[in-house]
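**Student:** Same order as they appear, the protein sequences are chains A and B.
As numbered in full-length UniProt numbering, residues 1 to 484 make up the first sequence, in order.
As numbered in full-length UniProt numbering, residues 1 to 484 make up the second sequence, in order.
Protein chains: 2
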Amino acid sequence: MEPSPLYRQLAVHYLDAIRAGSLKPGDKLPSLRSLTRLHSISLSTALQLCRTMEGEGWVEARDRSGYFVRRPRRLAIAAMEEPAAHVAPDPAQYVGIHAKVSEFVARRRQGEVRIDFSLARGAPELYPAQALQTIMMRLLRQRPALLTTAAPSRSLTPLREAAARRGMRAGMTLAPDEVLSTNGCIEALNLALRAVAQPGDTVAVESPTFYGLLQVLESLGMRAVEIPTSPQTGLSVEALEMALEAYDNIKAVVVVPHLQNPLGSVMPDAHKQRLVALCEQHGVALIEDDTYSELLDSDTPARAIKSWDRTGNVIHCASLHKILAPGMRLGWISAGRWHARVEMLKYTQTRSNEELSQWTAGEYMATGAFDRHLRRLRERLREQRERTTDAIAAHFPPGTRLNLPPGGLQLWVELPDRLSSMTVFDRALREGILVAPGALFSNSSRFDHYLRINCGWPFTDAIESGLRRLGEIACESGAVRMAA
Amino acid sequence: MEPSPLYRQLAVHYLDAIRAGSLKPGDKLPSLRSLTRLHSISLSTALQLCRTMEGEGWVEARDRSGYFVRRPRRLAIAAMEEPAAHVAPDPAQYVGIHAKVSEFVARRRQGEVRIDFSLARGAPELYPAQALQTIMMRLLRQRPALLTTAAPSRSLTPLREAAARRGMRAGMTLAPDEVLSTNGCIEALNLALRAVAQPGDTVAVESPTFYGLLQVLESLGMRAVEIPTSPQTGLSVEALEMALEAYDNIKAVVVVPHLQNPLGSVMPDAHKQRLVALCEQHGVALIEDDTYSELLDSDTPARAIKSWDRTGNVIHCASLHKILAPGMRLGWISAGRWHARVEMLKYTQTRSNEELSQWTAGEYMATGAFDRHLRRLRERLREQRERTTDAIAAHFPPGTRLNLPPGGLQLWVELPDRLSSMTVFDRALREGILVAPGALFSNSSRFDHYLRINCGWPFTDAIESGLRRLGEIACESGAVRMAA
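1. Is there a Cβ from chain A that is less than 7 Å from the Cβ of Glu294 of chain B?
2. Mind pulling the alpha helix (DSSP H) runs of 4 or more residues that sit fully within the region 225-271 of chain B?
3. Could you round the C-beta distance between Gly408 of chain A and Gly264 of chain A to whole angstroms and report it? I think they count as a contact, below 8 Å.
4. Would you please state the rounded distance, in angstroms, between the beta carbons of Ala252 of chain B and Leu193 of chain B? I believe it to be under 8 Å.
5. Tell me, to the nearest whole angstrom, how far the beta carbon of Ala170 of chain A is from that of Ser307 of chain A; I am working on the premise that it is less than 8 Å.
6. Do we get a CB-CB distance below 7 Å when we pair residue 485 of chain B with the residues of chain A?
7. Beta carbons nearer than 7 Å to chain A: which residues of the region 321-337 of chain B have them?
8. Among residues of its own chain, excluding the 5 on either side of Ser420 of chain A, which ones have a beta-carbon nearer than 7 Å to its beta-carbon?
9. Identify the contact partners of Gln349 of chain A in chain B, using a Cβ-Cβ distance below 9 Å as the criterion.
10. Assuming Leu146 of chain B and Leu356 of chain B make a contact with CB atoms under 8 Å, what is their CB distance in whole Å?
11. If you measure between the beta carbons of Arg452 of chain B and Ala462 of chain B, is that distance less than 7 Å?
12. Buried or exposed, going by whether 16 or more other CB atoms sit within 10 Å of the CB of His86 of chain B?
13. Would you call the CB atoms of Val413 of chain B and Leu402 of chain B closer than 7 Å?
14. Taking all protein chains shown into account, decide if Arg311 of chain A is buried (16 or more other Cβ within 10 angstroms of its Cβ) or exposed.
15. Please classify Arg74 of chain A as buried or exposed, where buried requires at least 16 other C-beta atoms within 10 Å of its C-beta.
16. Is it true that the CB of Val225 of chain A sits closer than 7 Å to the CB of residue 488 of chain A?
17. Using C-beta distances below 7 Å, list every residue in its chain close to Arg19 of chain A, excluding the 5 sequence neighbours before and after it, in chain order.
18. Measuring alpha carbon to alpha carbon, tell me which residue in B:Ala439, B:Thr423 and B:Val254 is nearest Gly471 of chain B.
19. Determine the DSSP secondary structure at Pro437 of chain A, reduced to helix, strand or coil.
20. Give me whichever residues DSSP pairs with Asp116 of chain A in a beta bridge.
21. Secondary structure at Ser357 of chain A, three-state DSSP: helix, strand or coil?
22. For Glu464 of chain A, which residues of its own chain have a beta-carbon under 7 Å away from its beta-carbon, when the five flanking residues on both sides are left out?
23. Hey, would you say Pro176 of chain B sits closer than 7 Å to Arg160 of chain B, going by beta carbons?
24. Contact between the region 371-386 of chain B and the region 265-276 of chain B is defined here as three or more beta-carbon pairs at a separation below 8 Å; is this criterion met?
25. What's the gap between the Cα of Met1 of chain A and the Cα of Ala106 of chain B?
26. Can you name the residues of chain A whose CB is closer than 9 Å to the CB of Asn353 of chain B?
27. Hey, is Pro458 of chain A's beta-carbon within less than 7 Å of any beta-carbon in chain B?
28. Since Arg121 of chain B meets chain A, which of its residues come closer than 7 Å, beta carbon to beta carbon?
29. To the nearest angstrom, report how far apart Thr182 of chain A and Glu218 of chain A are at their CA atoms.
30. Decide if Gly368 of chain A is buried, meaning its Cβ has at least 16 other Cβ atoms within 10 Å, or exposed.
31. Run the CB neighbour count on Leu467 of chain A, radius 10 Å, all protein chains shown included, and call it buried at 16 or more, exposed below.
32. Can you give me the C-alpha to C-alpha distance between Tyr7 of chain B and Glu383 of chain B, rounded to a whole angstrom?
33. Beta-carbon within less than 6 Å of Ala46 of chain A's beta-carbon, same chain only, minus the 5 sequence neighbours each way: which residues are those?
34. Leaving aside the five residues before and after Val94 of chain B along the sequence, list all residues of the same chain whose C-beta is less than 6 Å from its C-beta, in chain order.
35. Per DSSP, Tyr14 of chain B is paired with what?
36. Does any CB atom of chain B fall closer than 7 Å to the CB of Met1 of chain A?
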């Protein structure tokens, strides 16, 4: 990577000071003259520094008095409204998401994508490639027969041990042999659903939820009932209770308690606890998708739902895809009282995972480097989320809403005036900008005026200008509609 | 590995001559005195050589005249009878194999296994660990971000290209983008069955067949109808035709045309062709499991069933598990007219396979080393099969039958007098010898007096004595039963 120009390096320096609170809204930046002396830079560089920070909305120029720190734009953006939890849920239905996703994919393939905001994924450079490579090469040298020896069934790989250890931090008591390695969290969810429900059965899901889950349900021939979900506190336990009373064929609930996809919501512990009790009382399996917990901006680990499980009714699923190695398909599942059935289903579906990648990831996770990596990753994602939110606040039409989530790599954006995200999607794609339209996150049309925006990539000028253009397109689409 | 003693090296030399036909049954070995001169060995080494070959049944001592080449014992073993093809098939039923396999696994865990004949797998040392390791380490150095970059969807990995190229040799015309990588052949079979049939539907399978397939059917809630299958020519197309006429809910046929597991049968081309036509005519999907073709003792590749497919009705599944890398979970599927559906199911089940292993295997397969490896592998497996058969002929009770298959790594052995293989299994396990009892290979009890014996491991003295002990146990079990 080329080093960034001097004025940009200095901008980052001042930004850090603003973020850390040592420069507060209303504080004055050093004068141009002071800047030249302080940093031994030319007057034009000092001017470029101030104008850049002004352009990005961090400071404002006041006539003849200099540059002052602004309130970050993101603080001006309105939060979303809470969903109505006390209405009867839509009837459970067979999921029809494949058609929507296929259309999305087909349209996407027509355009050439320059900037992709549609993912829910981190940039490769956010992950410790070098360290993983070093471990893998050492393993290949030390155990040359690893690639030519079939994985022993039930072998307690370092990944299973690491998953059990991480589980302890989240309040779960798991032995490594209660954890099964899977091909990513998506296989874990497949196995969990196949273990507890049959085709034709109904599964309660958050609304909105990630289309990957809706696709799994559709492919397994299961019905989904969508439960109102708060952008702040996640699944509405009251609404779920109403649904469980209204339908007697709900076999499972799938929930993402921390940094829900796409909302970014986090369930309070009291909600998780009530959810565990409610599911148990109704004899409904509770499937916890814990993909994002490690991305929470917090030094104390969040408590997993399964930590309150006393009867084996909670199935815990997780993965390394977002937190360590997007190029390795590694996830795991702790299936409680369905352990034997899930083990059998895993064997019949894909056999045991390869050993090499499990050893590589597991050995890395056993070192202090893993937590150091996670801290850096959270820090970088926080910056990316904040800068993305600032850009959205600056460029999107008035009335745009979003809740800045306390972690993770995506934003859920509500467009004003029920503006169609498909219109924005189509127009943006013509200019090479890809977004995930809200329609993909529900069977209903309730989220058609939402977008999910990925913040997993370093915030570059290209990203900034992509967001600006996206905002302009949204403004234009709104104006066109108003005129029509 | 330690070099084998001199007499053993010389025994291998003479064995090669016998196998190659330069020493024929009835031919005399050089005298002990000639042997000492020919090979500059001591008289005691020459004697050890001859006694070893005698002990293994290759030569016999005739009084005062020396050692003469014997007819290999395996030639004395009787072939199996052909199954009756013209009887109505058993009614289709839900597979109840999990219970059988669970019992097998539970019993196996009680004993300590010294010698494992129950696998269908090659020893790690039969595969090119070093070459695969070298390629993988080079890839890791050249593309350090491989582990931290999510696999692009639809990326045309070298594995997909190699699979398409190998397909050409087997008479199929496939573009790399018609081949999808899977987690082994077992995932390919799952996807194929999920694409063409629903829970409750009936699937026709060979009888006997490998329990892995019966487990997949059971876990998917499908019914199996077992079609009589010849130990020589594989699936009986006539019997299948009767079944298709008797049942109207058969949605698919799964067939292993080459080196069927467990039979080792090979379908003649004319049968394959009739099978393709029959399935098309009845609107039944034909799923070809081509795991073993590359292990056929032949320099001309066998023609895949899919090579006669003109309408996309044949789904071809294969894997590297038996032929290249038992430690890598790599298979592939070409799903004909179900391609889009299988692609969707693969995405919802486990996402795309990791890139690293696909690149490693695919790059190896693109070199001449792959065919050289396969030739060596076939040669070694042939020796192991022959020596295993010789040992069975020498030690198993009279009336034992088997067909020596033209390739592969296992033997299917019929015990005389309908001797229960579970009795043999139990007694052998007490002595640390594990076999796969025939009961696991069918829903019926038709194969309860069969055993499947793995020949994938180098034939050592331990294997020889394990087979001898197994034969004694079978003889004792038979005698006990007779006496009872």
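We put the CB at the ideal spot given by N, CA and C, even for glycine.
**Tutor:** In terms of the structure at hand:
1. no
2. For the region 225-271 of chain B, whole alpha helix (DSSP H) runs of length 4 or above, ordered along the chain, are 237-246.
3. 6 Å
4. 7 Å
5. Going by Cβ atoms, the distance from Ala170 of chain A to Ser307 of chain A rounds to 6 Å, so yes, they are a contact pair.
6. Residue 485 of chain B lies beyond the range of chain B shown here (1 to 484); nothing can be said about it.
7. Listed in chain order, the positions of the region 321-337 of chain B with a beta carbon within less than 7 Å of a beta carbon of chain A are Ala325, Pro326, Gly327, Met328 and Arg329.
8. Asp448 and His449
9. Contact note: Gln349 of chain A reaches chain B through Asn183, Ile186, Glu187, Asn190, Val216, Ser219, Gln349 and Thr350, using a C-beta cutoff of 9 Å and chain order.
10. 5 Å
11. no
12. exposed
13. yes
14. Strictly speaking, residue 311 of chain A in this sequence is Thr, with Arg absent from that position. Exposed, since its Cβ has fewer than 16 Cβ neighbours within 10 Å.
15. With 16 or more other Cβ atoms inside 10 Å of its own Cβ, Arg74 of chain A counts as buried.
16. No answer is possible for residue 488 of chain A: it lies beyond the span of chain A, which begins at 1 and ends at 484.
17. none
18. B:Thr423
19. strand
20. A:Leu434
21. helix
22. Ala391
23. In contact: Pro176 of chain B and Arg160 of chain B (Cβ atoms closer than 7 Å).
24. no
25. With a pLDDT of only 46 at Met1 of chain A, under the threshold of 50, the placement of this residue in the model should not be trusted; the figure read from the coordinates follows. Whole-angstrom Cα-Cα distance: 57 Å.
26. Asn183 and Arg329
27. no
28. Residues of chain A with a Cβ closer than 7 Å to the Cβ of Arg121 of chain B are, in chain order, Ala150.
29. Rounded to the nearest angstrom, the gap between the Cα atoms of Thr182 of chain A and Glu218 of chain A is 21 Å.
30. So Gly368 of chain A counts as exposed.
31. With a 10 Å radius around the Cβ and a threshold of 16 neighbouring Cβ atoms, Leu467 of chain A comes out buried.
32. 18 Å
33. Result list for Ala46 of chain A: Leu32, Leu35 and Thr36, in chain order.
34. At residue 94 of chain B the sequence reads Tyr, which differs from the Val that was named. Only Arg223 meet the Cβ criterion.
35. None; Tyr14 of chain B has no bridge partner.
36. Low local confidence applies: a pLDDT of 46 at Met1 of chain A is under 50, so the model's placement there is unreliable, with the coordinate-based value given in what follows. When Cβ-Cβ separations below 7 Å define contact, Met1 of chain A makes no contact with chain B.
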